[in-house]
Amino acid sequence: MASKANSIKLFTISTPPMRAFHLTWMAFFICFFAWFACAPLMPVIKGEFGLTMAQVANINIAAVAITIIVRLIIGPLCDHFGPRKAYTGLLLLGAIPVLGVAASQSYESFLFFRLLIGAVGASFVITQYHTSVMFASNVVGTANAAAAGWGNAGGGAAQALMPLLMAAMVMLGVNETLGWRAALVVPGVLMLIMAVVYYKFTQDCPQGNYSELRAAGIAIEGGKKGGWDSFKLAATNYRVWLLFVTYGACFGVEIFIHNIAAVYYTDHFKLSLGQAGMAAGSFGLLALFARALGGWISDKAALRGNLNSRVTLLFIMMIGEGLGLLWFSRAESVAFAVIAMLVFGLFTHMACGATYALVPFVDKRALGGVAGIIGAGGNVGAVAAGFLMKGMGGDVQQTLSILGVLVGASALCAIAARFGSAAQEESALAAA
Numbered sequence: 013m014a015s016k017a018n019s020i021k022l023f024t025i026s027t028p029p030m031r032a033f034h035l036t037w038m039a040f041f042i043c044f045f046a047w048f049a050c051a052p053l054m055p056v057i058k059g060e061f062g063l064t065m066a067q068v069a070n071i072n073i074a075a076v077a078i079t080i081i082v083r084l085i086i087g088p089l090c091d092h093f094g095p096r097k098a099y100t101g102l103l104l105l106g107a108i109p110v111l112g113v114a115a116s117q118s119y120e121s122f123l124f125f126r127l128l129i130g131a132v133g134a135s136f137v138i139t140q141y142h143t144s145v146m147f148a149s150n151v152v153g154t155a156n157a158a159a160a161g162w163g164n165a166g167g168g169a170a171q172a173l174m175p176l177l178m179a180a181m182v183m184l185g186v187n188e189t190l191g192w193r194a195a196l197v198v199p200g201v202l203m204l205i206m207a208v209v210y211y212k213f214t215q216d217c218p219q220g221n222y223s224e225l226r227a228a229g230i231a232i233e234g235g236k237k238g239g240w241d242s243f244k245l246a247a248t249n250y251r252v253w254l255l256f257v258t259y260g261a262c263f264g265v266e267i268f269i270h271n272i273a274a275v276y277y278t279d280h281f282k283l284s285l286g287q288a289g290m291a292a293g294s295f296g297l298l299a300l301f302a303r304a305l306g307g308w309i310s311d312k313a314a315l316r317g318n319l320n321s322r323v324t325l326l327f328i329m330m331i332g333e334g335l336g337l338l339w340f341s342r343a344e345s346v347a348f349a350v351i352a353m354l355v356f357g358l359f360t361h362m363a364c365g366a367t368y369a370l371v372p373f374v375d376k377r378a379l380g381g382v383a384g385i386i387g388a389g390g391n392v393g394a395v396a397a398g399f400l401m402k403g404m405g406g407d408v409q410q411t412l413s414i415l416g417v418l419v420g421a422s423a424l425c426a427i428a429a430r431f432g433s434a435a436q437e438e439s440a441l442a443a444a
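Take 13 as the starting number for the sequence shown in the working numbering and just add one per residue.
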């Protein structure tokens, strides 16, 4: 019977684990592209609808709020139905508001569709679930982080490409009002195509699909407990909630930067829409390697030390992120702002990779519940950052300073998540 892959062979799709690896990061890339497609166009949309900074803050909060609920649900759904069906359903349903936002005629309708688009952010949990059940413990950190990082780059690609896509529509003779709407149709169509591809070419785990395995009476490791049981088991584990906080402090900040970067660069540094998109996009494109680097270093640290070496590494990365955020908040020239953003962004993405390198070891009986709750923490962090900015009267610099301090403090949660000797022995045996 097929077993988990103990190596990552990037240039093949002949095995179920590698086919799942490549298709899951591609699906995640498209979902993130769609999730953040509106952000770099916000300066134009803000002008068309006459939005205030308070309304922009509401839109940013809406974009990440519903993801909290969907992420909590989607993990246990992976345990119950399998990641293949879960991803296909999310891609199909998520495409509806992505296409709908292009038809918005007012602040209220735009806010409504932006809220619903947030559901596609739950794609991350399925991607992490799928790689976790496909790869063995010696490479699972790298596999999780690489798939998440490359998929995450969809957010950066949206920042850079959506203004260019809109400009191309305008060059074809479409006016600006119709141009941003036409540009937003593209990610919606890509999601529909990806839904078909994912359903047709992936399977739930190395042995096959959950429904067929259960019918044959074969035990499933990732989905031993399905649905609500998985969630309850995960929710009673204190390490899940500590990592919920750390993920809120790294991925939550990442989402917040995606949502405010373009407006910040245009308002504070007076950059054009295209220049702001490139500057903001560079942050997201760090995910192409930085998140994978965090997972890879975590795997190497665990091989040289033990499971707690992963925990210590996460602590160091979060301290680096907090200090980098403080530097970014104080940058007064655009050159220093971009450099500072890339430095703290490097630590942020690596911390995200290091967090999910720990996820498969927290509770193997409820992988979906663990991945879902910790993933939701990222969005709780983003929503909290959005409310903080609103409380600061839209002052982005002040918000970034406070976030830097909070991120540094949350690093203590990483240290508190240290594992006992039994968990370390189990991890060492699995890697052997």
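Even for Gly, the Cβ is constructed at its ideal location relative to N, Cα and C.
Assigned exposure category for residue i - 16 Cβ within 10 Å defines buried
i, result
"A227", "exposed"
"N187", "exposed"
"L202", "buried"
"W37", "buried"
"A14", "exposed"
"L22", "exposed"
"F136", "buried"
"D17", "Note on identity: in this sequence residue 17 is Ala, with Asp being the wrong assignment. Result: buried."
Nearest-angstrom Cβ-Cβ length linking residue i and residue j, presumed shorter than 8 Å
i, j, result
"V76", "A383", "Rounded, the Cβ-Cβ distance is 18 Å, inconsistent with contact."
"R303", "N164", "6 Å"
"A366", "G307", "7 Å"
"L337", "L412", "6 Å"
"A98", "I81", "At roughly 15 Å, the Cβ-Cβ gap does not stay under 8 Å, so A98 and I81 are not in contact."
"A426", "V265", "Contact doesn't hold; Cβ gap of about 15 Å is too wide."
"F295", "A273", "6 Å"
"G389", "Y211", "Incorrect: roughly 29 Å between the Cβ atoms, too far for contact."
"H280", "Q171", "The pair is not a contact, with the Cβ atoms about 16 Å apart (cut-off 8 Å)."
"L326", "A352", "So it is not a contact: roughly 22 Å between Cβ atoms."
8 Å Cβ cutoff met for residue i and residue j
i, j, result
"G133", "W47", "yes"
"V151", "I232", "no"
"P199", "L285", "no"
"L35", "V209", "yes"
"A369", "G153", "yes"
"V275", "V68", "yes"
"S144", "V371", "yes"
"A155", "F40", "no"
"L358", "L298", "yes"
"A314", "L196", "no"
"A49", "L127", "no"
Where residue i falls: helix, strand or coil (DSSP)
i, result
"G332", "helix"
"G220", "strand"
"F431", "coil"
"F23", "coil"
"I301", "Here residue 301 is Phe; the residue named in the question, Ile, does not match the sequence. Reduced to three states, the DSSP call for F301 is coil."
"F48", "coil"
"F356", "helix"
"A39", "helix"
"G274", "Reading off the sequence, residue 274 comes out as Ala, not Gly. Correct three-state label for A274: helix."
"F281", "coil"
"A148", "coil"
"A347", "helix"
"A288", "helix"
"A115", "helix"
"A231", "coil"
"A14", "coil"
"Q215", "coil"
"A442", "Low confidence applies here, because A442 scores a pLDDT of 49, under 50, leaving its location unreliable; read the following figure in that light. It is helical."
"L184", "coil"
"T64", "coil"
C-beta neighbour in chain D for residue i, strict 8 Å
i, result
"A299", "The displayed structure is made up of one protein chain only, and chain D is not part of it."
(Q) When you compare the region 369-389 with the region 248-268, are there three or more beta-carbon pairs, one atom per stretch, that lie closer than 8 Å? (A) yes
Q. Counting Cβ pairs, one atom from each stretch, are 3 or more of them under 8 Å apart for the region 285-295 and the region 48-66?
A. yes
(Q) Any contact between the region 60-77 and the region 216-224? By contact I mean 3 or more CB pairs, one from each, below 8 Å. (A) no
Q) Taking three-plus beta-carbon pairs below 8 Å as touching, is the region 122-138 in contact with the region 414-429? A) no
Q: Evaluate contact between the region 396-410 and the region 86-93, counting only Cβ atoms and requiring at least three cross-stretch pairs below 8 Å.
A: no
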